[in-house]
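See structure below.
Here it is as structure tokens:
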């Protein structure tokens with residue numbers, strides 16, 4: 127399965143085509159760069175059919191295909 131990022135306002139997740147693993151690695155890199163470091167801190171994302179919402183106003187428009 128591939129993930130095509132068609133719009134992004136996040137430097138760490140640029141527009142492009144990625145495998146699922148590559149995309150997951152980019153999201154993990156974003157998480158590590160932006161997550162609070164205090165004990166008990168959590169990080170969550172929300173995905174509706176076409177967008178991945180990250181922290182604040184950060185979002186990525188994507189298309190998943192098989």
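Numbering (my numbering), first residue to last: 127 to 192. Where a beta carbon is used, it is the ideal one built from N, C-alpha and C, also for glycine.
Grouping DSSP H, G and I as helix and E and B as strand, with all else coil, what is residue 156?
For the purposes of this step, residue 156 is identified with residue 30 of the chain shown, where counting begins at 1. Correct three-state label for residue 156: helix.
Residue 180 and residue 156 look like a contact to me (Cβ under 8 Å); what is the Cβ gap, rounded to whole Å?
Against the chain shown, residue 180 aligns to sequence position 54. Against the chain shown, residue 156 aligns to sequence position 30. Going by Cβ atoms, the distance from residue 180 to residue 156 rounds to 6 Å, so yes, they are a contact pair.
Coil, strand or helix - residue 151 by DSSP:
Reading the chain shown from its first residue, position 25 is the one you call residue 151. Residue state, collapsed to three classes: helix.
Of the residues 159, 137, 161, the one placed nearest residue 185, counting alpha carbons only
Within the chain shown, the letter at position 59 stands for residue 185. That would be 137, whose Cα lies nearest to the Cα of residue 185.
Give me the DSSP bridge partner(s) of residue 128.
Walking along the chain shown from the start, residue 128 turns up at place 2. DSSP lists 145, 191 as partners of residue 128.
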